[in-house]
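Residue numbers (the numbering used here), protein chains in the order written: chain A, 1 to 231; chain B, 1001 to 1268; chain C, 2001 to 2130. All C-beta atoms, glycine included, are put in the ideal place defined by N, C-alpha and C.
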Amino acid sequence: MAILECKELVKSYGKAAALDGVNLTVESGHIVGLLGPNGSGKTTLIKLANGLLTPTSGEILVDGKKPGKETHSVVSYLPERTCVPLWMSTRKLLDFYQDFYADFRRERAEEMLQHLNIRMDQTIKQMSKGTREKVQLIMVMSRAAKLYLLDEPIGGVDPATRDYILNTIINNYDPEAAVIISTHLIADVEQVLDEIIFINQGQIVLQSSVDQIREEKGMSVDALFREVFKC
Amino acid sequence: MLRKLLKHEFRATARVMGPLFLVILVLALGANLSIRFMLDADSFIPNLLGGLLMMAFVIGMTGLIIMSIVLMVNRFRTNLMGDEGYVMFTLPASSHQLVWSKIIVSTVWFIATGIVECAALLICAADLDLIQEIFSSDFFFRVSQVIQELVQEYGLNLPVMALELIVLCLVGCAVLCLEFYAAMAVGHSFANHKMALSVVFFFGFQFVMQLAGGLILNSNGLWESFYYLDGMESFHQMMGISIVISLVTGVIYYFITSTMLKKRLNLQ
Amino acid sequence: MKWQFSNDAPIYSQLIEQVTVGIVSGAFPPGERLPSVRDLAVEAGVNPNTMQRALTELERDGLVYSQRTAGRFVTEDRDMIGAAKQNLAESQIRNFLTAMVRLGYDKEEIVALVRQENVGEELRNGDFGM
């Protein structure tokens, strides 16, 4: 079933179009890479799917509905930056997610936090940048959502953290759900994806399966990306 | 959902307001001691200490009021317009619920601040002898007598007056919040200088609202009509009009705020 | 078991090959239960769907079989494992020969070179370069 659908989706800021007529369907049961250079429209697309922006024209549907209150309860979103309230302790953050999301699996989150030796009374403020990213990812992946939207989850973290993040995504992957990972660091995520979407200057350039690309072109997605987006 | 939003909003604000209230009450106690023992003492050190305590109390009292407004502004700015907005606006809640949770909690803190300020004044002025004197005399009886006389003389309707005051106070608090929210919601829809533009819009809105209010009131001679009413009637009329004006202002600001949040949200 | 992927072939076919290597080398002994798809995917750091696809393929070839509730098991048919091993060996040799021919050697020269190479020494050190 299509969990995310865009029809002739346009989003412009003033005269500049961040998304320019995007048609796109993402089915449940896939881990999809939303790949494109900086400023290609990845974040805009993800924000639109979260209802943080409204389309200039066209339509975006999440689980068949316009983004809003209802879709928020089936979408689990990891923004580009840490944005959970810094003053909160780990425990308060767990309370927060548990209160607002019926699909939040607290035991799973606690287990993962314990595994990282994160104390319950530690505040987000006291944590290092890498730990904050991990804690936020744990909250996001501990939900049993239908669609996970992860905006640059591995941008600017060290290789060990990157591995942890990717493992957490695989480990919590639910065959009924869809995961969309936006990134420009393709070599790092390629193995984790089964489908890719290339986006450039607000337009979809290619949507394909990873192994199809490797089979047909005899090259990795990363290599193809470098070819397509050669400067 | 609104209940959950309120719960977490209270959690987030209580950690600021709670300690402040405590500090004010302690300062009031200090002021009380200062008045009774230090200011009139014959030596310099207690005099100085008493003066300082009094000063701290006055600063604290003013500071508390300012802080309750700053907190109201800041919660909206950081929790909705800042990075935390990514979390808040993707909750399974509507933007109406988000705005209302902020308004309600801020209003509750304004009222609590008022109560604490009164309590602090009472503590500051409290004197055991005086209290004893009040309770042993017919003070309360005489106060009630005066009120009864006033009621008879001017035909006061106390319950209605109280109700009018309470409604005006609640609406006033909500409108105060919304004035700031609308300005910030508009200011933050721009790419740059979000806070500076918010300030500009705040004063802009104030100017427009006052201009519009003045024009409407003068044009149909509402103010003049008061002169021909007797005391009580004009009071009710005034209260009624103030409430209506506040409500209209509030609705306009609310409309601006919620439209901006829905259509022009621009989190960085 | 170490998982490594090259950039020029589909990931699922590389997974098939590496699980097969695991089976013929005894890392996954005959008749033993394989880890779950999720666990294998996490271990290899790959997409669970891709791992699933590779295992399904292996199942079709008969190297693994699944029991409805208990999970997936390595075949107990040692002949089949032997044949798989043979297959892998042949493809390794083909690759090797292709590379040598490209360097300009003919068959006799290659055989002589292999003989010359101290294979026994490397075997004792367990260094297969794999």
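Query                                                                                                                                                                    : Result
Measuring CB to CB, does Ser1101 of chain B end up less than 8 Å from Leu1006 of chain B?                                                                                : yes
Roughly how many angstroms lie between the CA atoms of Gly2129 of chain C and Leu48 of chain A, to the nearest whole one?                                                : Since pLDDT at Gly2129 of chain C reaches only 45, below the 50 mark, its modelled position is unreliable, and the value read off the structure follows with that caveat. Approximately 50 Å between the Cα atoms of the pair.
Any idea what DSSP makes of Asp20 of chain A, helix, strand or coil?                                                                                                     : strand
Curious, which full-length alpha helix (DSSP H) runs of at least 4 residues does the segment 2021-2089 of chain C contain?                                               : 2037-2044 and 2048-2061
Using three-state DSSP, classify Arg1015 of chain B as helix, strand or coil.                                                                                            : helix
Run through DSSP, which three-state label would Ser1136 of chain B get?                                                                                                  : helix
Using only alpha-carbon positions, find the residue among A:Thr183, A:Ile213, A:Glu176 and A:Ile169 that is nearest to Gly2045 of chain C.                               : A:Ile169
Beta carbon of Met1038 of chain B, beta carbon of Asn1032 of chain B: below 8 Å?                                                                                         : no
Have a look at the DSSP bridge pairing and note the partners of Cys6 of chain A.                                                                                         : A:Leu24 and A:Ile60
Give the straight-line distance between the Cα atoms of Gly39 of chain A and Ala177 of chain A, rounded to the nearest whole angstrom.                                   : 27 Å
Check whether the Cβ of Met2130 of chain C lies closer than 8 Å to any Cβ atom in chain A.                                                                               : Bear in mind that the predicted position of Met2130 of chain C carries a pLDDT of just 45, short of 50, making it too unreliable to give a figure here.
Given a cut-off of 8 Å on the beta-carbon distance, is the pair Leu185 of chain A and Ile154 of chain A in contact?                                                      : yes
In this structure, does DSSP put Gln1097 of chain B in helix, strand or coil?                                                                                            : helix
Closer than 8 Å by C-beta to Pro175 of chain A: which residues in its own chain qualify, once you throw out the five before and the five after it? Chain order, please.  : Gly29
Which of the three DSSP states is assigned to Arg1264 of chain B in this structure?                                                                                      : coil
Take the Cβ of Met1081 of chain B as the centre, count every other Cβ of all protein chains shown within 10 Å, and call the residue buried at 16 or more, exposed below. : buried
Look at the alpha carbon of Met1195 of chain B and the alpha carbon of Gln1145 of chain B, and state the distance between them as a whole number of angstroms.           : 54 Å
Apart from the five residues on each side of it in sequence, which residues of its chain come closer than 7 Å, Cβ to Cβ, to Asn50 of chain A?                            : Pro67, Val75, Tyr77 and Leu149
Cys83 of chain A versus chain B: which residues are under 7 Å apart at the beta carbon?                                                                                  : Asp1083, Glu1084, Tyr1086 and Val1087
Rounded to whole angstroms, how far is the Cβ of Val1175 of chain B from the Cβ of Ile1243 of chain B, which I believe are closer than 8 Å?                              : Contact doesn't hold; Cβ gap of about 10 Å is too wide.
Looking at the strands, I want to know which residues DSSP matches up with Tyr1086 of chain B.                                                                           : DSSP lists no partner for Tyr1086 of chain B.
Between which two residues does the beta strand (DSSP E) holding Tyr148 of chain A run?                                                                                  : Leu147 to Asp151
Can you tell me the Cα-Cα spacing of Ile3 of chain A and Asp194 of chain A, whole angstroms?                                                                             : 16 Å
Going by C-alpha distance, which of C:Arg2078, C:Leu2034 and C:Pro2010 is nearest Ala2070 of chain C?                                                                    : C:Leu2034
Ignoring anything shorter than 4 residues, give me the alpha helix (DSSP H) runs that lie fully in the segment 168-210 of chain A, in order along the chain.             : 186-189
Taking buried to mean at least 16 other C-beta atoms within 10 Å of its own C-beta, is Tyr1253 of chain B buried or exposed?                                             : buried
If you follow the alpha helix (DSSP H) that Val1186 of chain B is part of, which residue opens it and which one closes it?                                               : Leu1158 to Gly1187
Can you tell me which of C:Leu2113, C:Glu2057, C:Tyr2105 and C:Gln2014 puts its alpha carbon nearest to the alpha carbon of Arg214 of chain A?                           : C:Gln2014
Mapping DSSP to helix, strand and coil, what is Arg143 of chain A?                                                                                                       : strand
One question on the structure: do Glu1009 of chain B and Cys83 of chain A come within less than 8 Å of each other, judged by their Cβ atoms?                             : no
What does Gly2022 of chain C reach in chain A if we use C-beta pairs closer than 9 Å?                                                                                    : Going along chain A, no residue has its Cβ under 9 Å from Gly2022 of chain C, so there is no contact; the nearest lies around 17 Å.
On the criterion of 16 or more Cβ atoms from any shown chain inside 10 Å, does Ser73 of chain A qualify as buried, or is it exposed?                                     : buried
Output, in chain order, the set of chain B residues within a Cβ distance shorter than 7 Å of Pro79 of chain A.                                                           : Tyr1086
Helix or strand or just coil, what does DSSP make of Phe2005 of chain C?                                                                                                 : coil
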